[in-house]
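Some notes on the structure that comes next.
In our numbering, the protein residues as written are 16 to 151.
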């Protein structure tokens with residue numbers, strides 16, 4: 016059930032691919048903590064990482080979009096905003112409902128599925144555009 020980065024998720028831009036790998040690594044760190052029964056102690060770090068690193072990663076992508084005049088930039092940025100909002104909402108839900116393994120697993124799955132969907136559709140399209148522009 017782990018979300019593993021593989022070449023299918025490559026957008027062809029090393030900096031973006033490396034950042035995606037870090038996001039997958041953090042997801043899997045959380046999964047490992049869940050398996051060890053230690054996720055309650057890891058969840059704050061997970062949310063902090065996702066908020067901070069996602070901001071850094073999204074800025075990277077958005078800088079590429081701005082620098083090369085990417086036509087779908089607004090839609091792409093809107094998806095980034097949705098992700099940040101969903102991570103924040105998940106954090107709030109966990110705070111209000113209290114820690115439960117079921118809720119944490121649901122959050123893990125939602126974040127992983129969003130990440131894969133976004134990479135495979137939106138980021139791969141950006142990567143193809145950047146490759147044509149010789150930015151990759």
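Virtual Cβ for every residue (Gly too), placed ideally from N, Cα, C.
Everything numeric in this text was worked out from a predicted model, so none of it was measured.
Here's a check: name, in chain order, each residue in its chain whose Cβ is nearer than 8 Å to the Cβ of residue i, leaving out the five neighbours to either side.
i	result
residue 44	57 and 61
residue 113	none
residue 123	42, 45, 46 and 49
Please list the terminal residues of the continuous alpha helix (DSSP H) segment that includes residue i.
i	result
residue 110	88-112
residue 125	116-133
residue 21	Where residue 21 is concerned, there is no enclosing alpha helix (DSSP H), given that its DSSP letter is neither H nor E.
residue 136	Where residue 136 is concerned, there is no enclosing alpha helix (DSSP H), given that its DSSP letter is neither H nor E.
If we count the other Cβ atoms within 10 Å of its Cβ and call it buried at 16 or more, is residue i buried or exposed?
i	result
residue 116	exposed
residue 80	buried
residue 97	exposed
residue 103	exposed
residue 84	exposed
residue 147	exposed
residue 29	exposed
Would DSSP call residue i helix, strand or coil?
i	result
residue 62	helix
residue 149	coil
residue 16	coil
residue 85	coil
residue 52	coil
Here's a check: name, in chain order, each residue in its chain whose Cβ is nearer than 7 Å to the Cβ of residue i, leaving out the five neighbours to either side.
i	result
residue 73	95
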